[in-house]
Amino acid sequence: MFSKILIANRGEIACRVIKTARRMGIATVAVYSDADARSPFVRMADEAVHIGPSPAAESYLIANKIIAACKQTGAEAVHPGYGFLSERTTFAEALAKEGIAFIGPPVGAIAAMGDKIESKKLAKEAGVNVVPGFVGEIEDTEHAVRISNEIGYPVMMKASAGGGGKGMRLAYTETDVREGFESVKREGLNSFGDDRVFIEKFILNPRHIEIQILGDQRGNIVYLNERECSIQRRHQKVVEEAPSPFVTPAMRKAMGEQCVALARAVGYYSAGTVELIVSGADPTGESFYFLEMNTRLQVEHPVTEAITGIDLVEQMIRIAAGEKIPFGQDDIGIDGWSIENRVYAEDPYRGFLPSTGRLVRYQPPVEGWTDDGSANGRRGVDGVRVDDGVYEGGEVSMFYDPMIAKLVAWAPTRDEAADLQIAALDAFEIEGLGHNVDFVSAIMQHPRFRSGELTTGFIAEEYPDGFHGAEAHTRTIGVLAAVAGAIATADADRARRIDGQLGDERAAPGDWQVRIANENHEVVLEEHAITVDGHPVAIALEYTPGERFVSVELYEADADDDTDPIDTYGIQLARTQTGYRMTTRGAKHQVRVLPAFVAPLAAHMLEKVPPDLSKYLICPMPGLLVALHVGEGDRVQPGQPLATVEAMKMENILRAEKAATVSKINAKQGDSLAVDEVILTLSNSEETLGCLV
Numbered sequence: 001m002f003s004k005i006l007i008a009n010r011g012e013i014a015c016r017v018i019k020t021a022r023r024m025g026i027a028t029v030a031v032y033s034d035a036d037a038r039s040p041f042v043r044m045a046d047e048a049v050h051i052g053p054s055p056a057a058e059s060y061l062i063a064n065k066i067i068a069a070c071k072q073t074g075a076e077a078v079h080p081g082y083g084f085l086s087e088r089t090t091f092a093e094a095l096a097k098e099g100i101a102f103i104g105p106p107v108g109a110i111a112a113m114g115d116k117i118e119s120k121k122l123a124k125e126a127g128v129n130v131v132p133g134f135v136g137e138i139e140d141t142e143h144a145v146r147i148s149n150e151i152g153y154p155v156m157m158k159a160s161a162g163g164g165g166k167g168m169r170l171a172y173t174e175t176d177v178r179e180g181f182e183s184v185k186r187e188g189l190n191s192f193g194d195d196r197v198f199i200e201k202f203i204l205n206p207r208h209i210e211i212q213i214l215g216d217q218r219g220n221i222v223y224l225n226e227r228e229c230s231i232q233r234r235h236q237k238v239v240e241e242a243p244s245p246f247v248t249p250a251m252r253k254a255m256g257e258q259c260v261a262l263a264r265a266v267g268y269y270s271a272g273t274v275e276l277i278v279s280g281a282d283p284t285g286e287s288f289y290f291l292e293m294n295t296r297l298q299v300e301h302p303v304t305e306a307i308t309g310i311d312l313v314e315q316m317i318r319i320a321a322g323e324k325i326p327f328g329q330d331d332i333g334i335d336g337w338s339i340e341n342r343v344y345a346e347d348p349y350r351g352f353l354p355s356t357g358r359l360v361r362y363q364p365p366v367e368g369w370t371d372d373g374s375a376n377g378r379r380g381v382d383g384v385r386v387d388d389g390v391y392e393g394g395e396v397s398m399f400y401d402p403m404i405a406k407l408v409a410w411a412p413t414r415d416e417a418a419d420l421q422i423a424a425l426d427a428f429e430i431e432g433l434g435h436n437v438d439f440v441s442a443i444m445q446h447p448r449f450r451s452g453e454l455t456t457g458f459i460a461e462e463y464p465d466g467f468h469g470a471e472a473h474t475r476t477i478g479v480l481a482a483v484a485g486a487i488a489t490a491d492a493d494r495a496r497r498i499d500g501q502l503g504d505e506r507a508a509p510g511d512w513q514v515r516i517a518n519e520n521h522e523v524v525l526e527e528h529a530i531t532v533d534g535h536p537v538a539i540a541l542e543y544t545p546g547e548r549f550v551s552v553e554l555y556e557a558d559a560d561d562d563t564d565p566i567d568t569y570g571i572q573l574a575r576t577q578t579g580y581r582m583t584t585r586g587a588k589h590q591v592r593v594l595p596a597f598v599a600p601l602a603a604h605m606l607e608k609v610p611p612d613l614s615k616y617l618i619c620p621m622p623g624l625l626v627a628l629h630v631g632e633g634d635r636v637q638p639g640q641p642l643a644t645v646e647a648m649k650m651e652n653i654l655r656a657e658k659a660a661t662v663s664k665i666n667a668k669q670g671d672s673l674a675v676d677e678v679i680l681t682l683s684n685s686e687e688t689l690g691c692l693v
């Protein structure tokens with residue numbers, strides 16, 4: 001076994017590998033860029049080596065710097081995590097030349113599966129179902145158009161070396177191909193150093209299901225069941241679960257055996273994942289097709305660990321050291337259900353735009369995951385596991401992907417796992433930048449998610465007009481109103497006790513007008529009861545003025561003292577000028593709370609009118625202006641591309657929403673733009689110009 005390994009990665013996956021290595025008695029070495037100098041993974045490792053500036057192309061993607069760090073520290077092996085150099089054959093070859101073990105698959109398998117064009121040919125030869133498409137090299141945009149027309153729309157354009165949702169565009173028409181082909185090439189070149197593109201038929205009602213593979217160097221290969229990863233945004237996974245609610249035992253066996261055959265055909269060992277596209281329109285489950293093979297650990301590996309009890313990182317390390325897999329296919333079962341939500345630094349209330357900046361407050365629902373070596377321990381604290389690599393006061397940088405943490409929940413059933421996710425998300429406190437906690441909570445509550453009727457179009461279909469917060473049920477509104485009245489009374493009671501105030505001391509009000517979602521509610525607090533609009537609301541909570549989070553139990557109005565609550569809520573609180581911002585169940589509620597005798601005066605208060613910004617194209621996130629598609633004096637039409645901004649390794653096309661004329665260009669190609677910086681100005685302010693990403 002190795003005595004010291006180096007982790008050629010950063011963030012939560014670096015922390016994840018370090019924890020397991022520490023349990024195994026293996027010393028660890030971290031490498032870090034300028035941006036990561038104070039990151040948790042650097043402090044966790046036994047040693048840390050600085051490898052360069054913040055951009056990945058100048059640090060984490062330079063193999064020679066990683067190898068130099070190995071030599072400097074005496075590391076015998078390298079775990080690449082995912083992304084960066086994890087699927088780069090030249091890196092694995094360079095390590096081998098220096099006598100440093102690569103904790104991953106053999107070079108031949110990486111080469112065979114890393115090229116999406118060649119991998120499809122190999123999959124077909126191995127007897128694996130493949131999607132119809134063109135797997136040769138595409139010369140230019142016109143060639144891409146001809147191919148797409150022959151295959152038939154819709155088609156998917158993909159960078160050959162792509163991954164993680166980057167370098168992918170869905171095209172429904174010839175116009176889409178003309179607009180997106182060059183963008184796919186650029187993203188492939190910028191992210192992976194390879195601008196080759198292939199095109200394939202897009203499967204309607206597609207489900208994204210993947211099979212986890214594990215093999216050793218002695219030819220033993222097993223599959224560790226499947227993961228459902230259909231809920232995606234811009235081809236990047238948001239929610240993953242294991243097992244899949246769609247896959248039957250017979251389907252699982254057929255998929256698994258085909259994936260093992262593919263792995264065996266390329267001499268695969270270590271952890272790997274075969275991604276399949278499955279037609280949700282085929283109830284037989286037979287219409288599944290090879291998509292790609294990721295020759296590395298997956299972001300969503302914890303859900304597989306939760307249901308199988310197998311530590312994938314530990315197995316990768318042991319396999320790289322030449323050990324045999326200690327179990328066979330018949331030993332792998334499914335225990336319970338696990339769901340993972342990716343908590344991203346992106347703002348769903350602003351069209352999911354990337355949001356960089358400082359984590360002014362960061363309090364996950366449980367302590368970060370600690371590897372105690374047990375199967376139950378891999379499920380975290382009471383079934384909730386947080387894998388993260390950030391800290392309160394730290395910064396989410398524009399140089400890397402926007403992931404803040406992975407929240408994993410395990411329970412005996414799927415509904416219980418989803419309920420556990422909702423409770424954990426309610427308690428997840430993040431401030432200082434936009435994040436998607438409300439959004440993934442809304443997904444967990446969505447009837448379609450609960451039914452298991454998922455496709456990769458779930459988000460686009462269920463939120464066609466964007467996300468504005470989960471819809472609150474009438475009962476939830478009543479609870480929020482009652483809680484607002486209770487905490488307002490507690491705050492007022494504390495305020496009246498402050499010394500040095502003018503006037504006579506008055507008792508805290510017990511009658512309030514609470515305004516939620518533009519509706520007023522009359523809340524009355526009595527000694528042992530709370531009523532909302534004349535109806536009793538029986539709640540139990542403990543609150544001390546100034547607290548930011550309150551747990552609330554809701555009971556039937558006539559319940560006995562020993563009766564269980566009918567529901568529980570975790571509510572995050574923030575004081576506002578006229579009340580509170582209350583966040584729970586996937587939505588933020590601006591709650592105005594006024595004493596009943598003051599409330600009638602609110603009608604006389606003027607509201608501030610926001611300024612008219614319709615004549616500006618404003619940069620929606622910090623990023624690089626990759627391209628300007630218009631010039632001064634140009635007349636633009638709805639849907640026309642105006643500018644392309646790159647942020648967090650993704651290109652975002654900003655389009656016109658209405659017809660207008662460009663009167664002034666305020667930025668030039670190559671500029672680094674701040675959020676809300678003006679890119680161009682319109683001549684007619686009455687014709688709104690927005691940005692569609």
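The opening residue of the sequence shown carries number 1 in the UniProt record's numbering; numbering runs sequentially from there.
Glycine included, C-beta positions come from ideal geometry on N, C-alpha and C.
I think residue i touches residue j, with their Cβ atoms under 8 angstroms apart; what is that distance to the nearest whole Å?
{"i": "GLU240", "j": "GLU300", "result": "4 angstroms"}
{"i": "VAL197", "j": "ILE138", "result": "5 angstroms"}
{"i": "THR583", "j": "PRO206", "result": "The Cβ separation is near 33 angstroms, so there is no contact."}
{"i": "LEU525", "j": "GLU547", "result": "Their Cβ separation, rounded to whole angstroms, is 18 angstroms, which puts LEU525 and GLU547 out of contact at 8 angstroms."}
{"i": "VAL490", "j": "PRO545", "result": "It should be noted that the sequence gives Ala, not Val, for residue 490. Indeed, because the Cβ distance is near 6 angstroms, the residues count as touching under 8 angstroms."}
{"i": "PRO622", "j": "THR370", "result": "34 angstroms between Cβ atoms; not a contact."}
{"i": "PRO302", "j": "PHE439", "result": "That pair is no contact at about 20 angstroms."}
{"i": "ALA242", "j": "ARG227", "result": "5 angstroms"}
{"i": "GLY127", "j": "ALA254", "result": "Actually they do not touch by this definition, with Cβ atoms about 11 angstroms apart."}
{"i": "ALA30", "j": "ALA48", "result": "4 angstroms"}
{"i": "GLY133", "j": "ILE151", "result": "6 angstroms"}
Could you name the residues that DSSP lists as bridge partners for residue i?
{"i": "LEU652", "result": "Note that residue 652 is Asn in the sequence shown, not Leu. Per DSSP, VAL645."}
{"i": "GLN513", "result": "GLU522 and LEU594"}
{"i": "VAL550", "result": "ILE571"}
Measuring alpha carbon to alpha carbon, tell me which residue in the options is nearest residue i.
{"i": "ILE199", "options": "ILE221, VAL278, GLU174 and ARG361", "result": "GLU174"}
{"i": "ASP46", "options": "ILE26, ILE477 and VAL266", "result": "ILE26"}
{"i": "VAL177", "options": "ILE147, LEU204 and ARG186", "result": "ILE147"}
{"i": "PRO55", "options": "ALA144, ASN190 and ILE67", "result": "ASN190"}
{"i": "HIS629", "options": "PRO641, ARG252 and PRO245", "result": "PRO641"}
{"i": "GLU286", "options": "GLY534, THR248, VAL274 and LEU617", "result": "THR248"}
{"i": "ALA488", "options": "GLU182, LEU594 and ARG361", "result": "LEU594"}
According to DSSP, is residue i helix, strand or coil?
{"i": "GLN315", "result": "helix"}
{"i": "TYR543", "result": "coil"}
{"i": "GLY114", "result": "helix"}
{"i": "SER191", "result": "helix"}
{"i": "ASN666", "result": "coil"}
{"i": "GLU687", "result": "Confidence at GLU687 is low in this model, with a pLDDT of 44, below 50, so its placement is unreliable and no value can be given for it."}
{"i": "ASN376", "result": "coil"}
{"i": "MET293", "result": "strand"}
{"i": "VAL693", "result": "Annotation note: pLDDT 46 at VAL693 (below 50); position unreliable, no value reported."}
{"i": "MET398", "result": "coil"}
{"i": "SER3", "result": "coil"}
{"i": "THR28", "result": "strand"}
{"i": "LYS201", "result": "strand"}
{"i": "ALA48", "result": "strand"}
{"i": "ALA69", "result": "helix"}
{"i": "TYR391", "result": "coil"}
Take residue i and list the residues in its own chain whose beta-carbon comes closer than 6 angstroms to its own, dropping the five residues that flank it on each side.
{"i": "SER397", "result": "ALA35"}
{"i": "VAL278", "result": "ARG207, ILE209 and PHE288"}
{"i": "GLY639", "result": "ARG655"}
{"i": "MET156", "result": "LEU170, GLU200 and PHE202"}
{"i": "ARG16", "result": "ASP387"}
{"i": "VAL675", "result": "MET621 and PRO622"}
By Cβ distance, which residues of its chain are closer than 7 angstroms to residue i, with the 5 residues on each side in sequence left out?
{"i": "ALA427", "result": "PRO365, PHE549 and GLY570"}
{"i": "PRO105", "result": "TYR268, TYR269, SER270, GLY272 and THR295"}
{"i": "ILE334", "result": "ASN225, PRO243 and ILE307"}
{"i": "GLN329", "result": "VAL222"}
{"i": "ALA417", "result": "TRP337, SER338, ILE339, ALA409, TRP410 and ALA411"}
Checking contacts by CB at 8 angstroms: is residue i closer than that to chain B?
{"i": "GLU47", "result": "This model lacks chain B altogether, as it is built from one protein chain only."}
Give a single yes or no on whether residue i has its beta carbon closer than 7 angstroms to a heavy atom of the ligand GDP.
{"i": "GLU429", "result": "This structure simply doesn't include the ligand GDP, nor any ligand for that matter."}
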